[in-house]
Amino acid sequence: MACYDPTLTRRQVLGRGIGLGLTLYASKLLTLDRVLEAAQAQAVPDAPVLVSVFLPGGCDLLGALPPMDQLGKLNDLRRSLAVGDEIPRMPGESRLGVHPALTDGLGGGIAGLFGAGKIGLLPGIDYANPDFSHFHSRHFWERGMVAEAAGPGWMGRWLDRHGSGDNPLQGLSMDSTLSPVLTTAGAPAAAIDDPGDAALSFGGTWGKGADKAAQVWEQLAAVPRAGAGPIAAGRAAALTSQVGRMLSPYASDAKAGTDPLAGPIAYPTGKFAARLRSLAGLIAQPLGIRVATIDAPGDYDTHDDQPTDLDKALRELSQGLSAFQADLEARGVADRVLTFVWSEFGRRPKSNDSVGTDHGTGGIAWVQGTRARGGVLSDVPDLGALGADGNLAVTIDFRRVYASLLEGWMGTDAAEVLPDAATAGRLALVR
Amino acid sequence: MRTRPMNSTVADWTEDHVRRLFWRAGFGATPGEAADFAARGREATLAFVLDGPGTGAPMGDLVGTVPTVKGQPLDPINEWGHDALWWLDRMVRTTRPLVEKMTLFWHDHFATASQDTPLMIRQNWLLRSRGLGDFHHLLDGVTRDPAMQLFLSLADSTKDAPNENYARELMELFTLGGGYTETDVREVSRALTGWRTKRSRGGLPSIHWQAGLHDTGSKRIFGRTGRFGTQDVMRLVTQHPRHAPFLVQQLWDFFVTEPLDPATRAALVRTYRGSGLQLKPVVAAILGHDALYARLDAPDQVKAPVVHVAGLLRTTGTPITIDSYTWLLNQMGQMPFAPPSVAGWDWGPSWLSTNAMRARVTLANTLLAWGSAPLKPPAGAGNPAWSAEQHLDAALAAMGRPWLSGGSRAALLGLAAGFYDGAKPRQDRADMLQRLLRHLLISGPDAQLC
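Chains W and X, in that order, give the protein sequences.
Heads up: take any position in the first sequence, counting from 1, add 128, and you land on this note's numbering.
Heads up: take any position in the second sequence, counting from 1, add 287, and you land on this note's numbering.
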């Protein structure tokens, strides 16, 4: 079984909180002396932050970024999805078109950010012999390795190595559930739907009764437990109350119209934008956020009605991410935040008869930020050189990008996290 | 297979066994049910769970208080979230909990979302009525089901450019899990062409067969060649050697936390194939297996959100009188009729993110403040004269005697013993203590496990 199991290092256990340490101790992951070591907290101000934005379903590279220098071939393959010569070009990159929805948003949306040198595009991203299953491919990307076995996500493994042991907010999913990218072997991580309403309260108690409720909740969380389910229950109880305490200064008040996390940038409506807005606000606070995930809305699995669905999804993405970038810049934290946008695979060059496209290879990803290396960072696949099954050539492996993010942005050895780091190669993604 | 002899004695069968079975195969046992079925014995209890009371509607009758929201009956077709409440109510009040639990299993297995509510409810009835029958019959129904066809683009997939969406998930998620090639995906998608959507103005879409759109040519699937069509595909995938091991694993993992050992897997596969792909004998074998009853003193399956909510209401005899369950289930990560993808939900410990755990606390807040009796405690629920043990016992009785670990019991007794800070107990403080104990019994870590 190709299971990568990072051993716990001293650095990793440093800073583990006692509550978490006891949970881990109960689960036999740590020895007692390591639990006691864990009392020292580590805080790393101004540390780089990596934000993962997932486009679920398999975003269509050729629909999002039509290769205008191959337009004839493209339209031969896509009779029902023909691209006109009039569509916008990527600013400063005449060979590449851009879906009009990606020009929507502050400063011209994603296209505007590209023109400003804040986006490095990674067309043709995938891995060798790609799997056309959503769930297999997604799992590989989430774990940072092409292997079926279950286990922590790649950002989760980074937290296990380099994160603090007592800060669940260091790994944050802006969602009701924790992203598989962020599942860890031991380090705490959190899922938050609304940071303005995260405090834990026990209805019908107040005063000393409420204090006692909070105390007994910690005791219940710390009861020794064995087995994956029981340990998860105790751990969730402990982390939930901790997250509530950490976020209590940022509680919003709808009646008073106050929101301590509000920033200077107006976002579009919708949950995605609201979550990006909250995330920007949280990153700007001294909460120790290091890696964060957010799922983009919309249907990228465009087997049918692709023109409608892709437009809607890319528009919301472009509006949201351009507001997020402007917000980070306005808050003065943009230089320490890099956003990585990805999807589990690309789509077939030849369209189907449902005005859609089936699963394919050679997808789309990009890095975004004031310190991102702008431009087109990988080769656009050649429509004249499709594989035997009619799919795009893979021009860059996602593991090469991950290794480059870990070393070039997070500043840590990729081999600690990625089993294929030695052979993956590297690519400059930041400046 | 390590199943008990059918003449097992009452001593082999305790209230803890009944609670385990009723939670895993349904939505928990009331104290009365636990005592009653412990006395009836293992064989009679399993027969009751599998076959129902033997009278009434085949899919179960609903007993007890009809749900209302703001005094009005549910309107599952027109009111947002009432579809979820409608199904939740079935889980709470049905005489056949296993039927609803299997419907939930199939809703996750054949996960479908984003379709018109009448079509989703129609699919829900399909899953319910065939969920313990013949898998081939179930799969055939799902393949023709309008909600599924529209969700996975099988409708309007034509011979000129077949859509691979349904073909791939049919093999990967519904029947095989692996053991097929990309060629198989393409050839199966050709074989499944010919279904057409018909939309009447202002009405619901329906699915029709249109022979002219079907690819009548020869296809090669799993190494066999023929002019295959939809019926042939159903036969090919269910006769594939990977199908039976795949499906029994899925069923096992739904009910049991222990790993499935090779000998048991082989026995379940024999049962499944030997019965002609009947589901009920496989489910019966799993529910009767010793592994289901491992660690009765320390439940270790994380309750799925809908199981948690339905179980709370069912084991306490609380009717649905508020619609808060819809947004609470959403926050807990499981909105019925809206699975996150065709792969369904991630089960097990993944349910317990920090956000979801907070939602489970909010659920308790909501039930104690806005729910109806007996979950909502009346004023005077506590008694200042009670000992710590009496306080805890009163709370346990009100909450349907949920399982509590020794460590948690000690913590709650400590809370009760020290709650008055040495001052003279007063009625308002006794009521607060009773509210808090009840809250923690349904919100704490133990309450998330079954």
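Cβ coordinates follow ideal geometry from the N, Cα and C atoms, glycine included.
It should be emphasised that the depicted structure is a prediction, and the values quoted were computed from it without experimental measurement.
Return the Cβ separation of residue i and residue j in integer angstroms, given the expectation that the two are a contact with Cβ distance under 8 Å.
i                 : j                 : result
LYS554 of chain W : ARG528 of chain W : The residue asked about is misnamed: residue 554 of chain W is Arg in this sequence, not Lys. About 7 Å; that satisfies the 8 Å criterion.
LEU297 of chain W : GLY460 of chain W : Actually they do not touch by this definition, with Cβ atoms about 20 Å apart.
GLY347 of chain X : GLY339 of chain X : 6 Å
PHE452 of chain W : VAL495 of chain W : Rounded, the Cβ-Cβ distance is 14 Å, inconsistent with contact.
ALA229 of chain W : SER446 of chain W : 6 Å
VAL483 of chain W : LEU202 of chain W : Not really, about 16 Å apart at Cβ, beyond 8 Å.
HIS267 of chain W : THR540 of chain W : About 23 Å separates the two Cβ atoms, so there is no contact after all.
ILE609 of chain X : VAL356 of chain X : 7 Å
SER261 of chain W : THR421 of chain W : Not quite, the Cβ-Cβ distance comes to about 21 Å (not below 8 Å), so this is no contact.
MET719 of chain X : GLY332 of chain W : 7 Å
TRP269 of chain W : TRP470 of chain W : 6 Å
ALA360 of chain W : GLU346 of chain W : ALA360 of chain W to GLU346 of chain W, Cβ: 17 Å. No contact.
If we ignore side chains and look at the alpha-carbon of each, how far apart do residue i and residue j end up?
i                 : j                 : result
PRO176 of chain W : GLY220 of chain W : 29 Å
ASP429 of chain W : ASP325 of chain W : 33 Å
ASP584 of chain X : ARG306 of chain X : 11 Å
PHE422 of chain X : GLN621 of chain X : 25 Å
PHE624 of chain X : HIS394 of chain X : 8 Å
ILE524 of chain W : ASP427 of chain W : 24 Å
HIS527 of chain X : THR462 of chain X : 9 Å
LYS485 of chain X : LEU500 of chain X : 14 Å
HIS369 of chain X : TRP614 of chain X : 11 Å
ALA500 of chain W : LEU241 of chain W : 11 Å
LEU375 of chain W : VAL351 of chain W : 25 Å
TRP300 of chain X : ALA319 of chain W : 41 Å
GLY355 of chain W : MET619 of chain X : 22 Å
PRO549 of chain X : GLY604 of chain X : 41 Å
VAL274 of chain W : TYR255 of chain W : 8 Å
THR305 of chain W : PHE392 of chain X : 20 Å
TRP690 of chain X : LEU348 of chain W : 14 Å
PRO546 of chain X : ALA400 of chain X : 30 Å
HIS726 of chain X : ALA682 of chain X : 9 Å
GLN170 of chain W : ILE364 of chain X : Residue confidence for GLN170 of chain W is low, a pLDDT of 42 falling below 50, so the modelled location carries little weight and cannot support an answer.
ASN617 of chain X : ASN642 of chain X : 11 Å
PHE324 of chain X : GLY635 of chain X : 28 Å
Measure from the alpha carbon of residue i to the alpha carbon of each residue in the options, then state which is nearest.
i                 : options                                : result
TRP412 of chain X : X:ASP432, X:GLN402, X:TRP496, X:HIS423 : X:ASP432
GLY694 of chain X : X:PHE335, X:GLY731, X:HIS726           : X:GLY731
VAL589 of chain X : X:GLU459, X:ASP633, X:HIS495, X:HIS527 : X:ASP633
GLU451 of chain X : X:ASP427, X:VAL429, X:ALA434, X:LEU479 : X:LEU479
GLY519 of chain W : W:PRO184, W:VAL344, W:ASP486, W:ASP423 : Gly is not the amino acid found at residue 519 of chain W; the sequence shown has Asn there. Nearest of W:PRO184, W:VAL344, W:ASP486, W:ASP423 to ASN519 of chain W, Cα basis: W:ASP486.
PRO384 of chain X : X:VAL350, X:PRO318, X:THR551           : X:VAL350
ALA274 of chain X : X:ARG311, X:ILE729, X:HIS304           : There is no way to answer for residue 274 of chain X, as the model of chain X reaches only from 288 to 737.
PRO532 of chain X : X:ALA684, X:ASP427, X:HIS369, X:GLY464 : X:GLY464
ASP502 of chain X : X:ASP447, X:GLN618, X:HIS495           : X:ASP447
LYS510 of chain X : X:THR517, X:LEU534, X:PHE392, X:VAL524 : With the sequence shown as reference, residue 510 of chain X is identified as Gly, and Lys is not the correct amino acid for it. Of the candidates X:THR517, X:LEU534, X:PHE392, X:VAL524, the one whose C-alpha sits nearest the C-alpha of GLY510 of chain X is X:VAL524.
LEU736 of chain X : X:ALA704, X:TRP638, X:ARG722           : X:TRP638
GLU330 of chain X : X:ALA371, X:PRO345, X:LEU308           : X:LEU308
ALA668 of chain X : X:ARG688, X:LEU724, X:ARG507           : X:LEU724
ASP577 of chain X : X:TRP539, X:PRO592, X:SER444           : X:TRP539
THR445 of chain X : W:PRO388, W:MET196, W:ASN480, W:ALA244 : W:ASN480
With a threshold of 16 other CB atoms inside 10 Å of the CB of residue i, please say whether the residue is buried or exposed.
i                 : result
ILE411 of chain W : buried
GLY341 of chain X : exposed
SER640 of chain X : buried
ARG647 of chain X : buried
GLY398 of chain W : exposed
GLU676 of chain X : exposed
SER505 of chain X : exposed
PRO360 of chain X : exposed
GLY313 of chain X : buried
HIS530 of chain X : buried
GLN721 of chain X : buried
VAL353 of chain X : exposed
GLY490 of chain W : buried
ALA704 of chain X : exposed
Curious, which full-length beta strand (DSSP E) runs of at least 3 residues does the region 490 to 557 of chain X contain?
492 to 496, 506 to 508, 511 to 513
Within the region 417 to 503 of chain X, ranges of the alpha helix (DSSP H) (whole runs, at least 4 residues)
422 to 431, 433 to 438, 452 to 456, 469 to 478
For a minimum of 4 consecutive residues, which ranges assigned as the alpha helix (DSSP H) are wholly contained in the region 655 to 735 of chain X?
675 to 685, 693 to 704, 714 to 730
Just to confirm the assignment: which complete alpha helix (DSSP H) runs, minimum length 4, are found wholly within the region 610 to 650 of chain X?
611 to 619
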